[in-house]
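Down below is the structure, laid out as structure tokens.
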Amino acid sequence: ARYGLTPARAKHRIERCVAALAQEGCAPTFPTPGCVVRRYPRFSRRLQDTGAELAVHGYHHVDLGAYSPTQATEQLLKGVEVFARHGIEVYGVRCPYLSCTDDLLHRLPKGLFEYSSNRAIWWDVVSPTDYHDASAVFGALQRFYSPASATEVVCTPRIGPNLIEIPVSLPDDLQLHDGLHLGPEAMAQAWVQILHRAHRRGELFVLQFHPEFSWKGRQPLAMMLREARSLQPPVWIARLRDVSSWWREKSGFAVDISQTPEGLHISFSCSKQATILARGLDTVATEPVWDGAYHQLQIRALDLPVEHRPFVGLPANAPKHVMSFLREQGYILDTGQGALHCGTYLDAATLARLKNEVELFDHIERLGGPLLRYWRWPGGAKSAMCITGDLDALTLFDYASRLFVR
């Protein structure tokens, strides 16, 4: 019921969706199989010209987890080849059904993609047990997606050895409509809940929808984007490629700390878009209030009394994965002799007691000691959001052809 024998219906629907999102200040990312780009190159380029991003979605729309790593790699390489042949820029990859494995990512040639968006994070905004008519579709999708829980995992990009991983937030439109039989208003309510939770936590909301469904999903998307634009501090609305580029840029930021006769001189080496936050420091109280106890620094250097060490102190033997996570979240770490004198100190017993990323982050923020840090998002934004639509097919033939892929 969502496709026609020709691509006219799907093209019109997608173009209307892109135009509606543009009115709300959003350009989407469309993961698209290479075979769809090959069949409709002009339409694909037209989408790109509007500002939308197309990401590689394999060559055929198939579960790459059922393929050998060599065969799965060939599917992605063939998709990249088709994109390049038809003038479509390649930045990222999302496998059909989020079926990417770590082994597959490690096998990809370095530099082939800037980012992957295959990790899923589940937000508890709906419970399937509350819906007596929940279909088997919901359970099947959950098995495919295998999401982590937002109660345990901080929903932000991660820098891997080969590329940046940008997580997808669930539930998506198929789970809500086909799985739980929710209408547009209930779908919007679920997504707005995720938006508010991600904003409160300062995290990333990557909403996944399917363009063939946009005739029902367009209203919830517009409602959610209007809600996002009303929040303060603001929500950064971006494409996946923009998030990837920013996260890599942020990873190069640095802090220089030197001793002076009066105390500490701290200078920040970063781009103009960097968001630098401070709390509990009288010397920066004149800076604009950002959110809660935090002020946003407009300066890039400051001097502090010697008794102030606004960093996160850790034991020298703290787990490497903890230090890596905290640095990527923008904290300035001290594992030297001055660690015990930091405004925030986490001893070995505390680190052992905190069971996951969310508990660790919440503990640091609750302590309330003097603190300087880089924030996650540019331009003073508190959280970020992307709209991504898997553009799997334009006709019934495109949809059915996946059944005959060997």
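The opening position of the sequence shown corresponds to residue 1 in the numbering used here, with each subsequent residue numbered one higher. Note that the Cβ used here is the ideal one computed from N, Cα and C, for glycine as well.
For C386, the enclosing beta strand (DSSP E) begins and ends at 383-389.
The beta carbons of A150 and W122 sit closer together than 8 angstroms.
About 6 angstroms separates the beta carbons of V243 and A384, which is inside the 8 angstroms limit, making them a contact pair.
For F361, the enclosing alpha helix (DSSP H) covers residues 357-367. Relative to R143, the option among P167, S44, Q175 whose CA is nearest is Q175. Taking C-beta atoms as the reference points, A190 and V126 count as a pair closer than 8 angstroms. Here DSSP, grouped into helix, strand and coil, assigns S149 to strand. Taken in chain order, the complete alpha helix (DSSP H) segments of 4 or more residues contained in the segment 208-286 are 214-230, 240-251.
In the DSSP assignment, I121 falls within the unbroken beta strand (DSSP E) covering 120-122.
S401 and C35 have their C-alpha atoms some 10 angstroms from each other.
In its chain, beyond the 5 residues on either side, P378 have a beta carbon closer than 6 angstroms to the beta carbon of W246.
Ranked by how close their Cα comes to the Cα of G280, the residues K272, S258, P305, T260 have P305 in first place. For P7, the closest alpha carbon among the candidates P41, L76, V62 is that of P41.
Excluding five sequence positions before and after S258, the CB atoms of its chain that fall closer than 6 angstroms to its own CB belong to H265, given in chain order. Straight across, the Cα-Cα distance linking H210 with R107 is about 28 angstroms.
Your pair P33 and G79 checks out as a contact, with CB atoms roughly 7 angstroms apart and the cut at 8 angstroms. If you draw a straight line from the Cα of G252 to the Cα of R309, it comes to about 22 angstroms. With fewer than 16 other beta carbons inside 10 angstroms of its own, G160 counts as exposed. Here F205 carries a strand assignment [DSSP, helix/strand/coil]. For F83, the enclosing alpha helix (DSSP H) stretches over residues 69-85. The C-beta distance from L240 to I166 rounds to 6 angstroms, short enough to meet the 8 angstroms contact threshold.
For Y145, the CB contacts under 7 angstroms within the same chain, skipping 5 residues up- and downstream, are L98, A120, L170 in chain order. If you ignore the 5 residues before and after L391, its C-beta comes within less than 6 angstroms of the C-beta of F30, T32, P211, all in its own chain and listed in chain order. Every beta strand (DSSP E) of 3 residues or more that sits fully in the segment 25-59 is shown, in chain order, as 29-32, 53-56. Between the alpha carbons of R9 and G368 lies a gap of roughly 55 angstroms.
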